[in-house]
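First the structure, in the form of structure tokens, and then the observations on it.
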Amino acid sequence: MSPFSPTYYIAQRNAEEFVQGIFGGDNLKHTEALLQKLDRLTRDEARTTAAEILKVVYGLVQDMSKQTYCSCLSLGIDYPSR
């Protein structure tokens, strides 16, 4: 389609009006507010995931500590008291 044709001009104008209708005025403020909320939720989700990972790792370390303590007892090795 030639940039000088009437069809191109109408399509370009309609596209500009469509984008302005979506992102112009109050819609732009609304879109920014939604993006900020999404960003905050993403950060909260990352913190929650990190907390869950730490909880799992802590549980694994505790289990390993108990197993090491029990192994030392069964072998008669003097294990430092807790």
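Quick note on numbering that gives the first Met the number 0: the sequence shown kicks off at 0 and runs consecutively.
Note that the Cβ used here is the ideal one computed from N, Cα and C, for glycine as well.
Being a predicted model, the structure only gives us computed values, none of them experimental.
Rounded straight-line distance, which links the Cα of V55 to that of L37
27 Å
Expressed to the nearest angstrom, what Euclidean distance is found between the alpha-carbon atoms of T47 and Y57?
15 Å
Through-space distance from Q35 to I9, alpha-carbon basis:
35 Å
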